[in-house]
Amino acid sequence: MGRQPCCDKLGVKKGPWTAEEDKKLVNFILSHGQCCWRAVPKLAGLRRCGKSCRLRWTNYLRPDLKRGLLNEDEEKLVIDLHARLGNRWSKIAARLPGRTDNEIKNHWNTYIKKKLIKMGIDPATHQPLHKQESPRESRVPCPTNYDQLILPGTCGHASSRTDNSSTTTPAGNSSVDGRVGSSEPNNDDDPPVSFIWSDVFLDDSSWNFQATGEDYSELGASNSTSDDSISTWFLDCADIGDEFFGLSCFNDMDLSILDLGGKH
DNA sequence: AAGTGAATCAACCGCCAGACG
DNA sequence: ACGTCTGGCGGTTGATTCACT
Numbered sequence: 023m024g025r026q027p028c029c030d031k032l033g034v035k036k037g038p039w040t041a042e043e044d045k046k047l048v049n050f051i052l053s054h055g056q057c058c059w060r061a062v063p064k065l066a067g068l069r070r071c072g073k074s075c076r077l078r079w080t081n082y083l084r085p086d087l088k089r090g091l092l093n094e095d096e097e098k099l100v101i102d103l104h105a106r107l108g109n110r111w112s113k114i115a116a117r118l119p120g121r122t123d124n125e126i127k128n129h130w131n132t133y134i135k136k137k138l139i140k141m142g143i144d145p146a147t148h149q150p151l152h153k154q155e156s157p158r159e160s161r162v163p164c165p166t167n168y169d170q171l172i173l174p175g176t177c178g179h180a181s182s183r184t185d186n187s188s189t190t191t192p193a194g195n196s197s198v199d200g201r202v203g204s205s206e207p208n209n210d211d212d213p214p215v216s217f218i219w220s221d222v223f224l225d226d227s228s229w230n231f232q233a234t235g236e237d238y239s240e241l242g243a244s245n246s247t248s249d250d251s252i253s254t255w256f257l258d259c260a261d262i263g264d265e266f267f268g269l270s271c272f273n274d275m276d277l278s279i280l281d282l283g284g285k286h
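Sequential numbering from 23 applies to the first sequence in our numbering.
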């Protein structure tokens with residue numbers, strides 16, 4: 023029994039990604055789009071699991087990602103959505119353009135969870151902790167006014183470990199429908215990623231190779247992408263974000279259409 | 001200055017559901 | 001209808017960084 027591993031374990035590199043690997047992956051995705059993650063490592067010349075490539079791209083390399091800590095509005099929205107959706111991080115992330123489920127999950131576990139506990143609120147049920155003895159209550163949608171949870175000046179983060187670059191998105195940027203922030207890429211505070219998306223990086227023909235030189239036609243991808251077209255493609259990233267990453271759907275979404283039923 | 005513990009977050013793992021043949 | 005494959009999700013781990021003593 024047992025599932026077949028998602029990829030051949032032998033020869034597959036694990037651990038932190040190097041700048042070189044990032045280059046290859048970004049180049050490949052820019053050239054050929056996201057298709058068949060299983061084939062990406064081979065075609066891109068990476069010794070990585072396809073799953074790992076997808077994760078690296080979606081969590082770190084995507085051009086539409088915001089960097090830095092969640093701002094106050096985003097944090098409030100996360101808490102609110104968690105009260106409605108539970109640990110469905112991907113659905114929560116879908117409401118915060120530029121944020122990943124992994125990022126939100128981490129933020130929840132490191133900051134928000136502790137803060138709620140500190141305030142006597144059970145992060146799992148969003149009910150006061152002292153009620154825990156009573157029989158299990160069903161999750162009550164948005165039972166608390168979370169506005170009061172965000173203490174003035176803390177921005178939700180008591181820690182001084184970071185330089186609070188989370189405020190890259192101005193507070194009050196949330197729109198009427200609850201969306202927060204913009205979907206513009208902001209990698210300024212992350213030098214490696216900033217470099218990857220810089221013109222210098224993208225124009226570097228020394229790495230802008232055609233992967234392993236294999237024929238991608240079988241995957242429905244063109245093998246003749248020129249440097250120019252890649253640059254043009256990148257320059258259009260803002261627009262492409264709408265189509266390629268489905269960001270436009272966020273703009274048209276409303277909380278009411280959230281899949282509260284979920285599959286789990 | 002060095003040691004230690006805590007905090008953070010990128011990355012991995014295993015499972016699940018949908019697509020496809 | 002069934003089995004396999006793939007992408008996606010949520011939970012967890014572990015390396016790194018930071019604060020404190």
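Don't be surprised by glycine CBs; every beta carbon is placed ideally from N, CA and C.
Here the structure is a predicted model, which means the values were calculated and not measured.
With the rule of 3 Cβ pairs closer than 8 angstroms, the region 56 to 73 does not count as touching the region 101 to 117. Here Thr80 is near Thr122, since their CB atoms are less than 9 angstroms apart. In its chain, beyond the 5 residues on either side, Leu151 have a beta carbon closer than 6 angstroms to the beta carbon of Asp144. Per DSSP, Gly67 lies in no alpha helix (DSSP H) segment and is marked neither H nor E. In the displayed model, Pro119 falls within coil according to three-state DSSP, outside both helix and strand.
Residue burial annotation: Lys88 is buried, with at least 16 other C-beta atoms found within 10 angstroms of its C-beta.
Rounded to the nearest angstrom, the gap between the Cα atoms of Ala61 and Phe50 is 11 angstroms. Here the alpha carbon of Lys46 sits roughly 25 angstroms from the alpha carbon of Pro119. Counting along the chain, Asn131 sits inside no alpha helix (DSSP H), nor does DSSP assign it H or E at all.
DSSP places Lys35 in the coil class of the three-state scheme, outside both helix and strand. Boundaries of the alpha helix (DSSP H) around Asp44: Ala41 to His54. Looking at Gly33, Val48 and Thr147, the one whose alpha-carbon comes closest to that of Pro85 is Val48. Inter-residue distance for Lys36 and Lys135 is about 30 angstroms (C-alpha atoms, whole angstroms). Per DSSP, the continuous alpha helix (DSSP H) segment holding Ala105 begins and ends at Glu94 to Leu107. Between the alpha carbons of Leu92 and Glu125 lies a distance of about 9 angstroms. Annotation: Glu94 to Ile101 spans about 11 angstroms, alpha carbon to alpha carbon. If the five residues before and after Leu138 are omitted, its C-beta is found closer than 6 angstroms to the C-beta atoms of Pro145, all from its own chain and listed in chain order.
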